[in-house]
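Undergrad: So the sequence lines, in the order shown, correspond to chains A and B. Here our numbering is used: position 168 in the first sequence is 173, and no number is missing along the way. Here our numbering is used: position 241 in the second sequence is 257, and no number is missing along the way.
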Amino acid sequence: MITAKRVLYVLGIVALILGLYGFYSRLFIGERDVNYGSYVTWGLWVAMYLFFAGIASGSFVIATLEYLFEIPLFKGTGKLALWAAMVTLPAALISIGMDLGHLERIWKVYLQPNPTSLLAQMVWGYTLFGGVILLSLWLVARHGHRSTFAVKALMMVGFVMAIFVSGGVGALLGVNASRAIWHVGLLPAQFPIFSLATGVALMLTIISFFGTMEDAIRVRLQRVLSIGMIVLLLVKTYLLWSDFSMSLYSGVPQNVDAINAVMYGDYWWSFWILQIVLGTILPIIVLIMPNWSKNRLLAGLTGIVILVGFAAARANIVFPALSIPELEGMAEAFSGPHLNFDYFPSLMEWSLTIGVVGLATLAYLIGIDRLPFLKQTPSEVTQ
Amino acid sequence: MSDKETVKQEADLTRRNFLKGLMGAAGAATALAAYETLVNNPEGLLAQEDVASPGTVTALSSADDGQVDILERMRAELSQALQKPVADRRWVMVIDLRKCVGCHACTIGCVAENKLPPGVVYRPVLEEEWGTYPNVGRRFIPRPCMQCDNPPCTPVCPVNATFKNAEGIVEVDYDQCIGCRACLTACPYGARTSDFGLTYTEGLPVADGLIAGRLNAEGYERAANFEYGEARARQGRESPIGNARKCHFCLHRIHVGELPACVTTCIGRATLFGDANDPDSLVSEMIAQPNMMRLKEELGTSPRVYYLV
Chain A
6 MITAKRVLYV
16 LGIVALILGL
26 YGFYSRLFIG
36 ERDVNYGSYV
46 TWGLWVAMYL
56 FFAGIASGSF
66 VIATLEYLFE
76 IPLFKGTGKL
86 ALWAAMVTLP
96 AALISIGMDL
106 GHLERIWKVY
116 LQPNPTSLLA
126 QMVWGYTLFG
136 GVILLSLWLV
146 ARHGHRSTFA
156 VKALMMVGFV
166 MAIFVSGGVG
176 ALLGVNASRA
186 IWHVGLLPAQ
196 FPIFSLATGV
206 ALMLTIISFF
216 GTMEDAIRVR
226 LQRVLSIGMI
236 VLLLVKTYLL
246 WSDFSMSLYS
256 GVPQNVDAIN
266 AVMYGDYWWS
276 FWILQIVLGT
286 ILPIIVLIMP
296 NWSKNRLLAG
306 LTGIVILVGF
316 AAARANIVFP
326 ALSIPELEGM
336 AEAFSGPHLN
346 FDYFPSLMEW
356 SLTIGVVGLA
366 TLAYLIGIDR
376 LPFLKQTPSE
386 VTQ
Chain B
17 MSDKETVKQE
27 ADLTRRNFLK
37 GLMGAAGAAT
47 ALAAYETLVN
57 NPEGLLAQED
67 VASPGTVTAL
77 SSADDGQVDI
87 LERMRAELSQ
97 ALQKPVADRR
107 WVMVIDLRKC
117 VGCHACTIGC
127 VAENKLPPGV
137 VYRPVLEEEW
147 GTYPNVGRRF
157 IPRPCMQCDN
167 PPCTPVCPVN
177 ATFKNAEGIV
187 EVDYDQCIGC
197 RACLTACPYG
207 ARTSDFGLTY
217 TEGLPVADGL
227 IAGRLNAEGY
237 ERAANFEYGE
247 ARARQGRESP
257 IGNARKCHFC
267 LHRIHVGELP
277 ACVTTCIGRA
287 TLFGDANDPD
297 SLVSEMIAQP
307 NMMRLKEELG
317 TSPRVYYLV
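1. Taking 8 Å as the threshold (beta carbon to beta carbon), is cysteine 196 (chain B) in contact with chain A?
2. Pull up the CB-CB distance for glycine 17 (chain A) and glycine 363 (chain A), whole angstroms please, since I reckon it's below 8 Å.
3. Would you grab the beta carbon distance between alanine 176 (chain A) and leucine 123 (chain A) for me? Rounded to a whole angstrom, and I think it's under 8 Å.
4. Which ranges would you report for the beta strand (DSSP E) in the region 90 to 115 of chain B if only whole runs of at least 3 residues count?
5. From phenylalanine 315 (chain A) to tryptophan 355 (chain A), what does the alpha carbon distance come to, in whole angstroms?
6. Could you spell out the range, first to last residue, of the beta strand (DSSP E) harbouring glycine 273 (chain B)?
7. If contacts are defined as beta-carbon pairs under 8 Å, then glycine 135 (chain B) and histidine 343 (chain A) qualify, I think. What distance do you get, rounded to the angstrom?
8. Please state the DSSP three-state secondary structure of tryptophan 146 (chain B).
9. Using a Cβ-Cβ cutoff of less than 7 Å, which residues in the same chain neighbour threonine 287 (chain B) once the five nearest sequence positions on both sides are dropped?
10. Chain A partners of arginine 159 (chain B), CB-CB under 7 Å?
11. Is the CB-CB distance between aspartate 211 (chain B) and asparagine 259 (chain B) below 8 Å?
12. Please say whether glycine 179 (chain A) and proline 1 (chain A) have beta carbons closer to each other than 8 Å?
13. Taking the alpha helix (DSSP H) that asparagine 321 (chain A) belongs to, which residues open and close that run?
14. Could you tell me whether any Cβ in chain B is nearer than 8 Å to the Cβ of leucine 32 (chain A)?
15. Let me confirm a value: alanine 239 (chain B) is counted as buried when at least 16 other C-beta atoms fall within 10 Å, else exposed. Which label applies?
16. Would you list, in chain order, the members of the region 26 to 51 of chain A that have their beta-carbon closer than 8 Å to a beta-carbon of chain B?
17. Which residue marks the beginning of the beta strand (DSSP E) containing lysine 262 (chain B), and which one marks its end?
18. Chain A partners of glutamate 143 (chain B), CB-CB under 9 Å?
19. With DSSP collapsed to three states, give me the class of leucine 288 (chain B).
20. Am I right that glutamate 331 (chain A) and tyrosine 205 (chain B) are in contact with their C-beta atoms under 8 Å? What's the rounded C-beta distance?
21. Taking the Cβ atom as the reference point for each residue, do cysteine 164 (chain B) and threonine 281 (chain B) lie within a distance shorter than 8 Å?
22. Given valine 137 (chain A), which residues of its chain have a CB within under 7 Å of its CB, disregarding the five upstream and five downstream residues?
23. Would the region 279 to 290 of chain A count as touching the region 299 to 314 of chain A if we require 3 or more Cβ pairs under 8 Å?
24. What residues in the region 200 to 213 of chain B have a beta carbon less than 9 Å from any beta carbon of chain A?
25. Taking buried to mean at least 16 other C-beta atoms within 10 Å of its own C-beta, is isoleucine 303 (chain B) buried or exposed?
26. Can you name the start and end residues of the alpha helix (DSSP H) that valine 236 (chain A) belongs to?
27. Can you look up methionine 53 (chain A) in the DSSP assignment and give me helix, strand or coil?
28. Could you tell me the distance, in whole angstroms, from the CA atom of glutamine 305 (chain B) to the CA atom of tryptophan 107 (chain B)?
29. Drop a sphere of 10 angstroms on the beta-carbon of asparagine 296 (chain A), count the other beta-carbons inside from all chains shown, and report buried for 16 or more, exposed for fewer.
30. Counting only the same chain and skipping the five closest in sequence on each side, list residues whose C-beta sits under 7 Å from that of cysteine 199 (chain B).
31. Chain B beta carbons: is any one of them nearer than 8 Å to that of proline 258 (chain A)?
32. Just the Cα atoms here: how many angstroms apart are serine 255 (chain A) and isoleucine 232 (chain A)?
33. Name, going along the chain, the residues of the region 160 to 184 of chain B whose beta-carbon falls closer than 7 Å to a beta-carbon of chain A.
34. What are the boundary residues of the beta strand (DSSP E) that includes leucine 370 (chain A)?
35. Classify methionine 251 (chain A) as buried or exposed, calling it buried when 16 or more other Cβ atoms lie within 10 Å of its own Cβ.
36. Is DSSP giving methionine 183 (chain B) helix, strand or coil here?
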């Protein structure tokens, strides 16, 4: 699949170039040109932070299949998954960092933190998690596929951290009691499942496009990942159904308004087309067919489409909850820039996000092409 | 500008100065009269409760009848409260919705006092309409920060940049805030806004003139406000740009014995302010009325802003 890699290189470079405007605008001008504001407080960058951080957690969990649980089929995939986590975690942190009004004060979270703040806990959590990923990669680079005690211990810590940080993100939203649609006990429990699903989707793409193992093993891996993906998509759909039906049935206005905004609002297409049709139904149809799920191109593309669906899902969790005024009449009470309940990302927000996607894509490709320990040889994966 | 025009302008200025002086003298005389009333007839400070409508304080507009504006009473009570230790004060605001006419003077007064930039507002006035013609109703609901006793906005801050001070006012430490907007998200009243660094005058043409023109106006916009008792100008991308901002009951005014800007600018005397720990204060009387309510009490936030309905 050299063609796929070349195409992704080109797309990555194009995305990075498109992102230069966003980075320039954010770093040298500030947040003046963003469309999020004081009412829709968190926008595209926060959604992308949830998305990338979820992939990082999910990818790490997949790495544990080789290094902690020692499942033979996954031999040789651990380092690819770890590298995916290593690349997507910074992408998440760049996305959320750009969202901060005073990024230069981030050190305060380390030296003057409020320990009871979930946000502070997340910053600490991601720092530790990033450290665990880095250390794991270093050990893997030194010891190859031998699961030493140190690797296993790190994997155990990392596994717990992956659950903690992805669940913590759900809690970060869920603790806001005034946002009825978020304030459900199950939200933090759902996020690790979402994270694992995105990790599996990315791994499906990576194995399908870049897997250098023997065809028979690759096909088995694709099949196993496909079945896992179908299960996770069904669980995710069930959780979505559970959330929406409960809220609609109970009829709490703020809840119902938020769900109606997702399903029938201005951006209904993001829910129905990106999240449900492209991100859920189509992949299930493709992956359930044995021949299709074993096809490299089809399975690889399906992984990407699922990721797009999950990105839309993250956006649909964040924006609509914030688009419902806390008090009736707030939208009209005082008008001005950044005082709007209708949110669609600005050009600069899109640009920066595209740039981050490009950066992560290129970093991943360069890593698997240039870093010696990431290069796969057919012999090592079939041992 | 021709000589003739210059002379005319100078003459206008002279007339304006004369009128200003006259008004100043009249104001001083009124203040003197009020002061004499305060000294000679302290009971007169106490505005009478309206017997016909409980929970309503009649606003008194002159000292002629021996009674003074409730603003004077609140100011006197404020001075009294400032004599107490900080922790013994309990600042509350009472807003009588039956008196609010929706003029938005409080909003504008607040914007001017705190030099708020575009997109930042501390006290919008919400408008609500209900019913079907001919049975329709309309009311105006000013919404400052509720200064909750159990604020959801403070525990979410990752760096303790927002906190409840000893007087119970929820403050923002601009130099500590990292601009994550978690507090904005957590506030159930939407009472916080973020400063995105905009000014009203940018993009306007530069013009000559006494007060018109971008350069002069920009100077005003960039001049320091005195929030939290600190002269802080909005420059470049420095704080408060990039920070969460919110109503603080005009702490900087309170500490020098002045009522919050929204209280003094309210033309209907619908907004009252004072120390609820003083059982004789106007606000203490008002919050004991049966027609008192608070917004979203069910969330357990214990707001310090009370509404009379």
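From the three backbone atoms N, C-alpha and C, an ideal C-beta is built for every residue, glycine too.
TA: Checking against the coordinates, here is how it stands:
1. At least one chain A Cβ lies under 8 Å of cysteine 196 (chain B).
2. With 8 Å as the limit, glycine 17 (chain A) and glycine 363 (chain A) qualify as a contact, their Cβ atoms being about 5 Å apart.
3. Right, their Cβ atoms sit about 6 Å apart.
4. Correct list: 107 to 112.
5. Between phenylalanine 315 (chain A) and tryptophan 355 (chain A), the C-alpha separation is close to 17 Å.
6. Glycine 273 (chain B) -> no beta strand (DSSP E), and no H or E assigned at all.
7. With a Cβ gap of about 4 Å, glycine 135 (chain B) and histidine 343 (chain A) count as contacting.
8. Taken through DSSP and simplified to helix, strand or coil, tryptophan 146 (chain B) comes out as strand.
9. Excluding residues within five positions, the ones whose Cβ falls inside 7 Å are Met109, Ile111, Cys122, Pro158, Cys278 and Val279.
10. Here the neighbours are Leu332.
11. Aspartate 211 (chain B) is a Cβ neighbour of asparagine 259 (chain B), given a cutoff of 8 Å.
12. Coverage of chain A is limited to positions 6 through 388, which leaves residue 1 (chain A) absent and any answer about it impossible.
13. Residues 301 to 327.
14. Chain B, which has no Cβ nearer than 8 Å to the Cβ of leucine 32 (chain A), makes this no.
15. Burial call: exposed.
16. Correct list: Gly35, Glu36, Arg37, Val39, Gly42, Ser43, Tyr44, Thr46 and Trp47.
17. Where lysine 262 (chain B) is concerned, the enclosing beta strand (DSSP E) stretches over 260 to 262.
18. Against chain A, a Cβ distance below 9 Å from glutamate 143 (chain B) picks out Gly334, Glu337 and Ala338.
19. When secondary structure is reduced to three states using DSSP, leucine 288 (chain B) falls in the strand class.
20. Yes, glutamate 331 (chain A) and tyrosine 205 (chain B) are in contact; Cβ-Cβ is about 6 Å, under 8 Å.
21. By the CB criterion at 8 Å, cysteine 164 (chain B) and threonine 281 (chain B) fall outside the cutoff.
22. So the list reads Leu159, Val162, Gly163 and Met166, once near-sequence residues are dropped.
23. Yes, since at least three Cβ pairs between the region 279 to 290 of chain A and the region 299 to 314 of chain A fall closer than 8 Å, the two stretches touch.
24. Cβ proximity to chain A below 9 Å picks out Leu200, Thr201, Ala202, Cys203, Pro204, Tyr205, Gly206, Ala207, Arg208, Thr209, Ser210, Asp211, Phe212 and Gly213 from the region 200 to 213 of chain B.
25. Isoleucine 303 (chain B) is classed as buried because its beta carbon has at least 16 other beta carbons within 10 Å across all chains shown.
26. For valine 236 (chain A), the uninterrupted alpha helix (DSSP H) segment begins and ends at 220 to 255.
27. Of the three classes helix, strand and coil, the one that applies to methionine 53 (chain A) here is helix, per DSSP.
28. Note on geometry: alpha-carbon atoms of glutamine 305 (chain B) and tryptophan 107 (chain B) lie some 18 Å from one another.
29. Looking at its Cβ environment, which holds fewer than 16 other Cβ atoms inside 10 Å, asparagine 296 (chain A) is exposed.
30. The answer, listed in chain order, is Cys169, Val172, Cys173, Thr178, Arg208 and Ala260.
31. Answer no: the Cβ-Cβ gap between proline 258 (chain A) and chain B never drops below 8 Å.
32. Rounded to whole angstroms, serine 255 (chain A) to isoleucine 232 (chain A) spans 34 Å at the Cα level.
33. Listed in sequence order: Pro168, Pro171, Val172, Cys173, Pro174, Val175 and Asn176.
34. It is not in any beta strand (DSSP E) - leucine 370 (chain A) instead sits in the alpha helix (DSSP H) that spans 352 to 375.
35. The residue in question, methionine 251 (chain A), is exposed, as its Cβ has fewer than 16 Cβ neighbours within 10 Å.
36. Just to set this straight, residue 183 (chain B) is glutamate in the shown sequence, not methionine. It is coil, neither helix nor strand.
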